[in-house]
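There are 2 protein chains.
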Amino acid sequence: MHKIVIGQAGGPTAVINASLVGLVEGLYGKAKIYPVNNGYQGLAHDKLEEMDEKQFNWIKEHQFVPGACLGSGRFNFTPELMEQAVHNMKKHDIHTVVFIGGNGTMAALERLSQIAQAMGYELQTIGIPKTVDNDLGHTDHAPGFASAARYIAQSVRNIVKDLEAMRNFEQVRVIETMGRNAGWLALSSGFLRASSCDGPHHIYIPEVSVTKERFIADVESAVKSNGITTIVVSEGFALSGTAKVERQVVNGRLVLGGIANQMEQLIQEHLGYVVRSENLGMNQRSASYAVSLQDRKEAYEVGKQAAQFVLDDMSSIMVNIQRQSTKCYNYTLGQASLTSVAKHGERLLPESFISDVSEYYAWLEPLMGEPITPYPASWR
Amino acid sequence: MHKIVIGQAGGPTAVINASLVGLVEGLYGKAKIYPVNNGYQGLAHDKLEEMDEKQFNWIKEHQFVPGACLGSGRFNFTPELMEQAVHNMKKHDIHTVVFIGGNGTMAALERLSQIAQAMGYELQTIGIPKTVDNDLGHTDHAPGFASAARYIAQSVRNIVKDLEAMRNFEQVRVIETMGRNAGWLALSSGFLRASSCDGPHHIYIPEVSVTKERFIADVESAVKSNGITTIVVSEGFALSGTAKVERQVVNGRLVLGGIANQMEQLIQEHLGYVVRSENLGMNQRSASYAVSLQDRKEAYEVGKQAAQFVLDDMSSIMVNIQRQSTKCYNYTLGQASLTSVAKHGERLLPESFISDVSEYYAWLEPLMGEPITPYPASWR
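Quick note, the sequences are listed as chains H and V, same order. With this note's numbering, letter number 277 in the first sequence gets 279, and the count goes up by one each step, no holes. With this note's numbering, letter number 88 in the second sequence gets 90, and the count goes up by one each step, no holes.
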C-alpha cells in the first residue's frame, strides 16, 4: 500500500480545498495518507501523521470553503531542508509526495525529486495545479483562476455601474487586480463589458509596456469621450522605466501592490480629475460568493486524477487540463512532466489574446459560468 | 392626476434600483412621472421630462442591477437652488417630489418643503430610505444596509480562512469597511464568526473610543493567543486624540479612508508583525453577488409604499420599516415625519448592541439570509 504525503502550498484559492477533497477521496482506503501542515514547512519539520477517518471527514467538510484547510503558506524550501524532508519520509517509509500549488510549488517538487534521486531514495512526485494568476505552463488553465476572474469581472461591472451613477462627483476609478507577472486576471475584468463605450476603458497588464505620457493621454481621452472612466491595472504592471510598485509588510519584506494608488496620484496631478483607486484584495482568492462552478468541478477532478496517477505509479508529473473544444466546451485531464513545467516558468497571455481581446473572452467563457447579476439581455 | 418628480441621491447601493422599480410600478398609469437625472442637480437644472413607456421598461430592467440607474451623485443643493427647483416645478405644474436617499437627501427634502411653503407653493414631499451605513433614524433599518453587511460578513469570513492558511507568512490582516459615523457595517463583519477563537478578533467602530496603546495591546494579545489575527475597522473610526483619516481625491476634496493603512503602519512599527491592510471598497455598495434577498424585497416594498403614500396625498414623510418581531421576522411599513428624521441625524449603534454583540447579530439575522458559503454545521 502506498504511503503518501499530501500538502497545499502558496496562496490559497476559493477552490483549492476542492482539489484536496478530490485527492483524499481518490486515495482513501487505497493508500495511507499523511497530510502535512503549512506546505513544505510541515514536510521539512517532520510533522508526519497518518490521516484517520475523523480527519478525512473534516477535510471533506471543506470542499466549498475558501482558504487551504491543511495550512499552506510561503516557505524557503532550501536544498538542505529538502534532504531533511527525504530523511523524514525515509523514517516513515513514505515514497510518494503530492502537492497542490503553482509555479513555485512545482519547481520545488521537481528539485525535491532530483535530490531524492541523488540520495538514492525512490520518490514518486505528483503536482496538482492551482493558481489564481493562471501563470502555470503546460495546462490549458489552472483551477482557482476562473473563480478569481469571475469575481473580478462581476465586481468591475458593478463598480462601473456605481461610477455611472456618481458622475457629477467623480470621474475616474482605478481598480487593481492580482497578477504578478501575467495579465490573465486584469484582462478578465472586461469580460462583462456591455459595449465599447462601457468601462473598463483601459486595462494595463504586465505584458504590455506603456509610458507615463501614454497612460495620461489614455485617461484624458476616455474621460473626454465618456465623462467618466474606469480603468483596471494588474499589480505586476509598471509604467515604462519604473519598477513594479511594492509595499513593505514588515522590516524589508515586500509584496506587490500600490500601482493603482500611483496612477491615482498621476491622474490628480496631471489631469485634476476626481479619482479613487482601490485594490480588489484578498477576495480575489477567497470570494466564495463568486465561485465558478466549472472551476470548482475541475479543481475536484484534478485532485481525483492525481490520486489515480499515484495508484498507477506515475511520477514526476503535474496533472493538467487539456482543452479539446471551446465552443462546446470539452476537456480531458492529462499530465505534463514537472521538468517541463518548471522550465516553462510563468506563462504570460498569448499575443493573440492581447491583440484581440474578444478571442480571450471566447476562450474564457466556458470557465466563467453565467454572470451573477441578471443584466438585461438587450445590454449585450 | 398627480405630476411627480422622482430621483435618487447619494451613494448607490446594490438594491436602490429595486426601490425605484417599486416606486414607478406603484405610480405608473396613475400619475405623470418626471424622473430626474443626477439627483437634486437634475431638479435644480430643470431637466424635467415625463417618463414614457420605453423609459418605464428600461427602469424595470434595472431591478437587480447595482448603481442608481437615474444617475445619483453628490450636489450642494443651496437654498437659492431650491427656490430655482420650485420655480422649475411650477413651470410644469408639478406638486410632488419623491426622493430615494439617506440623511443628506432627507434633510434636503425637508428644507425644500419649507422653502416651497415659504414661497406659497403647495409641495408634497416623500422620502424613501436608502443607505449602506444604516445611520438613518426613525426606521428599523434602511434598504441597502443588509446587502452591504452580507457582503462584508462573508468576505471577512473568507479572508479569515485565507489568513489561517498563510500563518507561516503573515500574522495580521486589517480590513476597513464603510461607515462614516456609525459602526453598523463594521460590526456586521463578525456575524459569521464560528467561535470566540475565530477572527475577526477586534472590531473598531466610531462609537467606541480606543487609545493607540490599547489598540496595540489588543493586536498583540490576539496574536499571542491565536498566532494570527484579523481585525476590522470602520472608515469613520479614529484613535483617541487623532482626526478621522481622509484622503484627497483631488485638490483639497476629501473622502474618508485610510485608517486601516494607518493601523498597519502602527502594527509594523510597534509589534513588527507581518501585516496587510485592505479596504473592502466600492463592492460594499454594489456587490450583486452578495445581495440579501430580504433586503432587495424590502427595497422594492418601500418604493411601492411611497407610491401609495403619494396617491393617498400624504406629505413631509419618509417611508419606514417597523419591525414587529425578530424571532419570526415580521415588519410593517409606515412613515416618520421628515422633520423628525432630519432632526435625528445620524443614528449610531445602540449601547445594547455594542455591549452584547450577540444581541446585534440576533437582530441582524433575518436581514442577512443564509451564509453564501455552506460552512459545516458543526462550525457554528
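Beta carbons: idealized from backbone N, C-alpha and C, even for Gly.
Interface residue (Cβ-Cβ distance to chain V less than 9 Å): Cys199(H) is not classified as such. For the pair Thr232(V) and Val225(V), the Cα-to-Cα distance works out to about 9 Å. With a 10 Å radius around the Cβ and a threshold of 16 neighbouring Cβ atoms, Gln156(H) comes out buried.
Taking 8 Å as the upper bound for CB-CB distance, Leu189(H) and Leu351(H) are in contact here, some 7 Å apart. Flagged as an interface residue toward chain V: Ser157(H), by a C-beta distance shorter than 9 Å. A straight line joining the alpha-carbon of Thr141(V) with that of Ile130(V) spans about 11 Å.
Taking 9 Å as the threshold, the shortest C-beta distance from Thr133(H) to chain V does not fall below it. Ranked by Cα distance from Pro208(V), the options Asn228(V), Asp200(V) and Val234(V) are led by Val234(V).
Of the residues Arg325(H), Gln310(H) and Gln326(H), the one whose Cα lies closest to the Cα of Ile319(H) is Gln310(H). In the structure shown, the three-state DSSP call for Leu194(V) is coil.
Arg278(V) and Thr244(V) have their C-alpha atoms roughly 22 Å apart. No residue range can be given for Ala16(H), since it is assigned to no beta strand (DSSP E) and is classified by DSSP as neither H nor E.
Between Arg287(V) and Ala70(V) a beta carbon distance of about 10 Å is seen, past the 8 Å cut, so the two are scored as non-contacting.
Of all residues in the region 228-260 of chain V, only Gln250, Val251, Val252, Asn253, Arg255 and Val257 place a beta-carbon less than 8 Å from a beta-carbon of chain H. Residue range Ile319 to Ser327 is occupied by the beta strand (DSSP E) that includes Met320(H).
Of the candidates Phe79(V), Gly9(V) and Lys32(V), Lys32(V) places its Cα closest to the Cα of Met3(V).
Listed by position along chain H, the residues whose Cβ is nearer than 7 Å to that of Lys163(V) are Val67, Pro68, Gly69 and Ser288. Relative to the Cα of Ser294(V), the nearest Cα in the group Thr341(V), Arg152(V), Leu256(V) and Cys199(V) belongs to Arg152(V).
Using a Cβ-Cβ cut-off of 9 Å, Met84(V) does not count as an interface residue toward chain H, since no Cβ of chain H sits closer than that to its own. Here the C-alpha atom of Glu27(V) lies approximately 54 Å from the C-alpha atom of Gln57(H). Burial check for Thr98(V): the Cβ neighbour count within 10 Å reaches 16 or more, so the residue is buried.
For Leu268(H), the closest alpha carbon among the candidates Glu372(H), Phe217(H) and Gly13(H) is that of Phe217(H). Closest in alpha carbon position to Asp137(H), among Leu369(H), Asp54(H), Gly103(H) and Met168(H), is Gly103(H). In the DSSP secondary-structure assignment, Arg287(V) is not bridged to any residue. The beta carbon of Asn105(H) does not come within 9 Å of any beta carbon belonging to chain V, so the residue lies off that interface. Under the 9 Å criterion on CB atoms, Ile374(V) is classed as interfacial with respect to chain H. Chain H places a beta carbon closer than 9 Å to that of Asn40(V), counting this residue as a contact.
In the DSSP secondary-structure assignment, Phe77(H) is not bridged to any residue. Between Ser191(H) and Ile230(H), the gap from beta carbon to beta carbon reaches 9 Å or more.
For Ile61(V) against Lys5(V), the beta-carbon gap comes to about 18 Å, at or over 8 Å, which does not count as contact. Val162(H) and Ala16(V) have their alpha carbons spaced roughly 13 Å apart. Exclusion of the five residues before and after Thr328(V) leaves Ala364, Trp365 and Pro368 as the residues of its chain whose Cβ lies within less than 7 Å of its Cβ. Look at Ser279(H) here: in three-state DSSP terms it is strand.
By the beta-carbon neighbour count (other beta carbons within 10 angstroms, threshold 16), Lys132(V) is buried. In the DSSP annotation of this structure, Ala144(H) is not part of any beta strand (DSSP E), being labelled neither H nor E. Chain-ordered, the chain V residues with CB closer than 9 Å to the CB of Gln43(H) read Asn170.
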